[in-house]
Amino acid sequence: MRLKKPTLIIGIAAIAVILLLIVIRTLIFTNKDSKLEVKDCRGESTISLSKSDFSSGIVDDQIHFNKDNNYLCIKALYRIDSSSYRISINSALRLIINEYTEDNLFIKSTDLGDHDIFSLNEDTDKVSFSLYEYESGELVTNTKESLEEQLTSSINLEQINNLDDISEDDSKLSTYISSGSLSNYSNYRVGYYLSWGGSYSSDSGSYCTRDFYRIDTDKTYCVNVNDYRVNIEISEYDENGKWLDYAGSYKNLSSYKAKSPECAYIGIILRSSDWGSDCLDLLKDGLVIDFSDSFRYETLENVSLSDFDFTDFDNYESGRFYKEGIAVESSSLRVKYYLNLEASNSKYLISLSNHYLTMQISEFDSEGNYLQSNSFENGEFFTPSESTNYIAVSVSANDTEGYLIFEKLFKENVTIDLSLFTKYEHNTNMSDLSATDFVASMNVGWNLGNSLDSHYGDRGESANLEQETSWGNPTVSKDLIDYVKESGFNTIRIPVTWYYNTYVDSNGNLKVYEEWLDRVQTVVDYALEDGLYVILDTHHEQELIYTGVSDEEMENVYANAAMLWSEIANYFKDYDERLIFESYNEVDNLEQSWNYSAKAAQQVNKLNQIFVDTVRETGGNNTNRLLMIPTLLDGAETNYLESFVVPEDSAEDRLILTVHDYSTVYTDEIDSFFANLEEYSKKYELPIIIGEFGSSNKSFKPVEYRDIHASNYVANAANHGIKCIYWDNGSINDYAIINRKDLESSRTDIIKALINPSVYMATNSYCLDSMENFLWMRLNQTTGELVEDKYWGTIVTGNQATGIEISENVNYISLNLNSTEEYATTKIHYVHFYDENMNVIETNNSDYGYKNNTFEVPEGAKYIRVGINDSYQAITKEEYSNAFNSGKLSLTISFIDTESSDSIMSIKY
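For the sequence shown, UniProt numbering gives the first residue as 1, with consecutive numbering after it.
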């Protein structure tokens with residue numbers, strides 16, 4: 001075992017001598033040329049390996065030929081059919097078959113005796129053959145000549161099409177008992193040998209060897225099994241295969257000696273003591289069964305956790321710890337030692353740089369009694385019980401490659417660690433940072449969405465720390481936040497849902513569980529330690545905070561808001577200026593769900609004032625902390641912004657207005673939106689941050705323009721003094737740009753676009769800003785025909801004969817409606833495509849409407865019509881004309897060819 005702290009210092013001269021001997025031995029005994037000839041034997045029902053095919057030596061797991069007189073091997077690789085084979089070989093010899101992938105990665109090695117069965121792994125591309133002499137359970141030390149003398153005939157591999165077809169065959173008297181034969185799953189069949197009479201029964205629930213294996217009658221065998229769940233039952237047979245006796249049941253560390261003096265052969269039966277663990281699956285996963293002279297799987301050595309090196313592959317074996325014992329599992333590694341804990345009542349951090357790994361920890365007391373087991377992800381914490389003295393550690397991979405994945409990971413310097421957690425000592429000195437200066441210094445932010453704000457079910461009677469992963473994202477880890485910083489972001493917004501970790505005390509006060517506050521603090525500290533600005537909010541608090549209800553009910557909402565923020569603000573009040581509080585997230589209007597009303601907007605204004613007052617009253621650094629406050633629903637449309645009221649604040653220039661916007665516009669057409677926001681920023685004398693924006697890989701069109709959209713959005717906003725925070729929900733197929741389970745697979749194209757933004761413009765676009773470009777009519781939602789609409793008022797692009805002609809080679813059309821002031825609720829409701837004869841091909845109708853959208857041009861489309869109206873008010877033809885003339889209404893149509901680099905271009909001001 002390699003420890004972190006060397007315990008022995010070896011002299012330089014001694015090291016030199018050792019290295020020299022290693023080099024000499026390597027030159028003499030090893031040929032590292034792995035370019036062996038590959039023979040294709042696929043399609044052959046019998047593969048014969050003749051004496052002349054073999055040379056002295058062995059082929060190892062690296063496909064290297066090594067000189068060794070104890071072995072003979074064929075200096076070639078074979079491709080054989082994916083099937084099973086019965087081996088015919090001199091009973092004194094054993095055949096080793098190594099399997100390799102197409103990329104020459106070692107899969108497994110199978111040790112076979114006469115009449116054994118070999119089954120090819122489904123990932124195997126080629127195999128190698130080596131052999132050795134075997135006697136009484138031991139390899140026979142040999143010379144090349146004496147070994148060749150034993151090879152009196154060809155070794156044959158006879159293909160078996162279906163193992164089930166030979167399940168009822170009579171058992172044969174096979175070779176001397178060997179770990180290779182007993183650990184080979186193909187040598188077993190469903191059923192067992194009856195404890196009286198010893199005949200074969202095909203009943204399920206057990207597995208038994210197909211053949212009987214020779215033993216030494218007078219020898220006492222040490223039974224070795226690398227899975228404590230497995231029970232071995234033994235039936236004894238004489239020299240002629242006649243049943244003698246049932247010897248009993250054995251486990252790992254048992255001793256076995258033939259019960260009958262006439263015993264020459266035994267049949268093995270396997271059963272699992274753990275319901276649901278199938279012994280055949282365990283054999284496939286690496287179950288080892290060995291009858292030998294010594295015990296191999298005795299009690300493990302104890303070493304200090306603080307000295308143990310988790311990065312040394314030699315410190316592991318395949319398998320895992322299962323409750324109180326070791327168990328077989330191909331996709332797991334177990335530490336070879338028990339690890340002593342040196343610090344009681346401490347918290348340990350699990351670090352796994354590959355997020356598809358999990359760590360399992362079994363706890364034992366000082367007497368060796370098993371206590372409990374738990375599984376952990378990267379970034380989670382292990383807190384041992386008060387009785388825990390030492391632990392057993394396993395690491396599992398959620399990967400079908402099984403053990404192979406670990407070889408790859410360790411070659412890539414995977415991080416696996418379990419270390420004492422040291423809490424970050426945050427800065428308590430508050431610098432004089434104004435809201436204006438902060439927003440000016442901010443480049444772009446990133447949202448840690450759908451993690452600490454996740455929730456499920458009802459509020460419980462204790463802290464629910466599992467809330468964090470309930471929506472599918474992994475535990476937030478330090479390496480994730482490090483990646484955010486390294487990517488270039490200087491601000492992180494941490495959405496947190498608090499309600500499901502709150503309770504009401506005996507005095508009727510709303511309280512947050514200390515464990516949840518501690519968890520949130522840990523994540524906040526990760527970001528502050530990296531030098532990031534942190535925006536901490538209350539997110540999905542619909543059970544506590546809402547609007548659109550009676551004044552009487554709102555009094556309870558106001559009280560809850562004050563108590564919740566009193567809890568949060570007091571806990572973090574000594575943090576420096578880099579921690580920013582955001583009052584609420586998208587407070588809903590229950591009266592008109594997810595819609596505007598003047599009443600709900602007024603109630604949000606009061607909630608914001610309560611937030612500011614509550615935070616300031618907690619004192620400490622909160623008296624001057626930066627605070628972010630939203631409009632109703634974080635709406636960015638005119639009515640939301642007009643109804644906003646700036647809270648009174650005892651601190652100067654410490655408030656920031658925040659809104660959300662998920663516009664899909666990816667060109668400079670979005671400039672007017674930010675120009676409008678800038679006017680409100682000046683009006684209220686508050687800097688503005690877009691708290692959420694982004695694009696979804698599921699719905700954004702054209703999806704290949706997501707990076708352009710991000711870049712253009714941030715650049716246009718910055719041109720008006722507005723900064724943005726990208727919404728990332730953790731789903732890489734949705735809004736995520738950082739892959740939280742595999743950081744190296746993140747959308748670096750979008751990240752780079754955010755950090756180095758540019759304004760983009762479409763080179764083929766038209767602005768329709770006159771009534772001359774429209775008809776005062778509506779569209780039949782099914783046929784696409786023009787219909788009179790004198791009473792409500794819809795306008796449609798084109799003329800009586802045709803719609804707007806679609807340019808050649810265009811595969812997308814983007815629409816952006818600029819509608820402001822009294823026309824702010826005017827939206828696009830119909831988008832219809834027509835062929836060259838104005839027959840409708842595709843209709844897109846929306847009751848709610850939208851201001852911007854992109855459509856893929858359907859095949860055969862020659863013309864497009866766009867219908868616009870206001871769902872909340874009727875508009876006359878004259879009013880439309882005035883809207884266009886006053887600059888309050890315009891429609892931009894952009895024709896996009898994603899195959900052409902000239903369709904959209906970056907521009908600089």
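The beta carbon of each residue, even a glycine, is placed where N, CA and C say it ideally should be.
Start and end residues, alpha helix (DSSP H) containing residue i
i: Ile737; result: Premise fails: Ile737 is in no alpha helix (DSSP H) and is neither H nor E.
i: Phe611; result: 598-617
i: Gln62; result: Run containing Gln62: none; DSSP gives neither H nor E here.
i: Ile568; result: 551-571
i: Ile750; result: 748-755
i: Tyr584; result: Element bounds for Tyr584: n/a, residue is neither H nor E.
i: Ser890; result: Premise fails: Ser890 lies in the beta strand (DSSP E), 889-896, not in any alpha helix (DSSP H).
Three-state secondary structure assigned by DSSP to residue i
i: Cys263; result: coil
i: Cys41; result: coil
i: Asn31; result: Interpretation of Asn31 is limited by its pLDDT of 41, a score under 50 that renders its predicted location unreliable; the figure taken from the coordinates is listed afterwards. Looking at Asn31 - three-state DSSP - the assignment turns out to be strand.
i: Tyr337; result: coil
i: Val23; result: Below a pLDDT of 50, predicted positions are generally treated as unreliable, and Val23, at 38, falls in that range; no measurement from the model is reported.
i: Gln781; result: coil
i: Val659; result: strand
i: Ile481; result: helix
i: His829; result: strand
Proximity below 8 Å, CB of residue i to CB of residue j
i: Ala762; j: Ile896; result: yes
i: Val659; j: Ala636; result: yes
i: Gly198; j: Ser235; result: yes
i: Tyr760; j: Asp634; result: no
i: Arg79; j: Asp125; result: yes
i: Leu815; j: Leu891; result: yes
i: Arg94; j: Leu77; result: no
i: Cys208; j: Tyr185; result: no
i: Asp576; j: Asn811; result: no
i: Ala561; j: Phe611; result: yes
i: Lys698; j: Asn733; result: yes
i: Leu754; j: Ser819; result: no
i: Tyr338; j: Ala392; result: yes
i: Trp446; j: Asp728; result: yes
i: Ile795; j: Ile868; result: yes
Heavy atom of the ligand SAH within 7 Å of residue i beta-carbon
i: Glu236; result: Among the components of this structure there are no ligands whatsoever, and the ligand SAH is therefore not found.
Residue i classed as buried or exposed, judged by whether at least 16 other C-beta atoms fall within 10 angstroms
i: Trp594; result: exposed
i: Gly205; result: exposed
i: Pro858; result: exposed
i: residue 962; result: Residue 962 is absent from the structure shown; the chain starts at 1 and stops at 909.
i: Ile864; result: buried
i: Thr876; result: exposed
i: Ser454; result: buried
i: Leu420; result: exposed
i: Arg519; result: buried
i: Val127; result: buried
i: Val557; result: buried
i: Asn31; result: Residue confidence for Asn31 is low, a pLDDT of 41 falling below 50, so the modelled location carries little weight and cannot support an answer.
i: Pro261; result: exposed
i: Tyr640; result: buried
i: Thr502; result: buried
Span of the beta strand (DSSP E) around residue i
i: Gly325; result: 325-327
i: Asn302; result: 302-304
i: Gly180; result: Run containing Gly180: none in the beta strand (DSSP E); it sits in the alpha helix (DSSP H), 179-182.
i: Ser175; result: Sequence inspection shows Thr at residue 175; the Ser mentioned does not correspond to that position. That run of the beta strand (DSSP E) goes 173-176.
i: Thr491; result: 491-494
i: Glu158; result: 155-160
i: Trp243; result: 243-250
i: Leu280; result: Careful: Leu280 lies outside any beta strand (DSSP E), inside the alpha helix (DSSP H) at 279-284.
Below 8 Å, can you find three or more Cβ-Cβ pairs linking the stretch 789-801 to the stretch 851-858? no
So does the stretch 295-314 actually touch the stretch 231-244, counting three or more Cβ pairs closer than 8 Å? no
Three or more C-beta pairs under 8 Å: does that hold for the stretch 322-333 against the stretch 714-732? no
Could you tell me whether the stretch 222-229 touches the stretch 158-177, using the rule of 3 or more Cβ pairs below 8 Å? no
Taking one C-beta from the stretch 734-750 and one from the stretch 767-777 each time, how about it: are there three or more such pairs within less than 8 Å? no
Could you say if the stretch 487-503 and the stretch 533-547 meet the contact criterion of at least three C-beta pairs nearer than 8 Å? yes
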